[in-house]
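S.K.: Heads up: the sequence shown at position 103 corresponds to 104 in this note's numbering, and the numbers run straight through without jumps.
My structure is below; once you've seen it, I'll send some questions.
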Amino acid sequence: MKSKKLEINYEELRFEELNGEDQSLIEAAIKATDNSYADYSHFHVGAAVRLSDSTIVIGANQENAAFPSGLCAERTAIFAAQAQYPKLAVEALAIAAKNSDGILSQPVTPCGSCRQVVLQIEERYHHPVEVLLYGSQRIFRFHSIRDLLPFCFVDDSMKS
Numbered sequence: 002m003k004s005k006k007l008e009i010n011y012e013e014l015r016f017e018e019l020n021g022e023d024q025s026l027i028e029a030a031i032k033a034t035d036n037s038y039a040d041y042s043h044f045h046v047g048a049a050v051r052l053s054d055s056t057i058v059i060g061a062n063q064e065n066a067a068f069p070s071g072l073c074a075e076r077t078a079i080f081a082a083q084a085q086y087p088k089l090a091v092e093a094l095a096i097a098a099k100n101s102d103g104i105l106s107q108p109v110t111p112c113g114s115c116r117q118v119v120l121q122i123e124e125r126y127h128h129p130v131e132v133l134l135y136g137s138q139r140i141f142r143f144h145s146i147r148d149l150l151p152f153c154f155v156d157d158s159m160k161s
């Protein structure tokens with residue numbers, strides 16, 4: 002048996018350290034938390050994607066009494082972008098969340114299903130998606146979803 006170690010690279014930043022384009026994307030994700038329907042968890046998540054032409058499309062989590070019929074903010078944003086602008090690659094994704102106390106101080110990460118969807122977008126457009134995870138005290142920036150989804154399942158995984 003061999004024991005191995007896996008490391009990922011990411012940056013930890015403050016809002017002021019981001020360029021204007023990334024600040025606008027995070028602000029859109031924060032505002033999108035207001036569009037969340039979270040009557041069960043009271044955990045409101047907003048997401049915003051920036052497309053290759055700088056268009057920003059937002060999404061918010063939508064819960065449903067018939068679990069798991071709801072949908073995460075990240076997927077609502079990505080699917081809306083793909084439905085409206087199918088020829089444009091997703092360049093970046095920002096995620097923010099709030100509870101009854103307000104915007105979370107620490108970044109929230111996407112679930113496994115959302116990570117897989119973002120991976121498929123990277124594969125579809127042959128372009129990495131920058132991921133910005135917002136918390137009021139710090140922001141994590143990943144240059145590709147692959148950093149959040151090691152040993153990922155993509156089309157090449159199905160070949161022998």
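Ideal Cβ placement from N, Cα and C applies to all residues, glycine included.
Computed from a prediction, not measured in an experiment: that's the story for all the values here.
Specify the secondary structure class of residue 36 as computed by DSSP and reduced to three states.
M.R.: Here the question's residue 36 lines up with position 35 in the sequence shown. Reduced to three states, the DSSP call for residue 36 is helix.
S.K.: So the alpha helix (DSSP H) residue 82 belongs to, where does it begin and stop?
M.R.: In the sequence shown, the residue the question calls residue 82 occupies position 81. Looking at the DSSP string, the run of the alpha helix (DSSP H) that includes residue 82 is 74-85.
S.K.: Excluding the 5 residues flanking residue 77 on each side, which residues of the same chain have their C-beta closer than 6 Å to its C-beta?
M.R.: Sequence index remark: in the sequence shown, residue 77 carries index 76 (1-based). Around residue 77: 60.
S.K.: Quick check: residue 11 and residue 102, are their CB atoms within less than 8 Å of each other?
M.R.: In the sequence shown, the residue the question calls residue 11 occupies position 10. In the sequence shown, the residue the question calls residue 102 occupies position 101. No, they are not a contact pair.
S.K.: With a threshold of 8 Å on Cβ separation, who are the neighbours of residue 45 within its own chain once the five nearest residues in sequence on each side are excluded?
M.R.: Indexing the sequence shown from 1 puts residue 45 at position 44. Only 34, 35, 37, 39, 61, 62, 98, 99, 100 meet the Cβ criterion.
S.K.: Give the DSSP bridge partners of residue 133, in chain order.
M.R.: The residue labelled residue 133 in the question sits at position 132 within the sequence shown. In the DSSP output, where bridge partners are listed per residue, residue 133 has 95, 142.
S.K.: Which whole-angstrom value describes the C-beta separation of residue 130 and residue 119, a residue pair presumed to lie in contact below a C-beta threshold of 8 Å?
M.R.: Indexing the sequence shown from 1 puts residue 130 at position 129. Indexing the sequence shown from 1 puts residue 119 at position 118. The Cβ separation is near 5 Å, so the contact holds.
S.K.: Tell whether a beta-carbon distance below 8 Å holds between residue 27 and residue 104.
M.R.: By 1-based counting over the sequence shown, the position of residue 27 is 26. By 1-based counting over the sequence shown, the position of residue 104 is 103. It is not a contact, given that the beta carbons lie outside the stated cut-off.
S.K.: Alpha carbon to alpha carbon, how far is residue 48 from residue 15? Give it in angstroms, no decimals.
M.R.: Here residue 15 corresponds to residue number 14 of the sequence shown, with the count starting at 1. Here residue 48 corresponds to residue number 47 of the sequence shown, with the count starting at 1. Distance between the alpha carbons of residue 15 and residue 48 is about 18 Å.
S.K.: List the residues that DSSP assigns as beta-bridge partners of residue 14.
M.R.: As a working mapping, residue 14 is identified with position 13 in the sequence shown. 140, per the DSSP bridge assignment.
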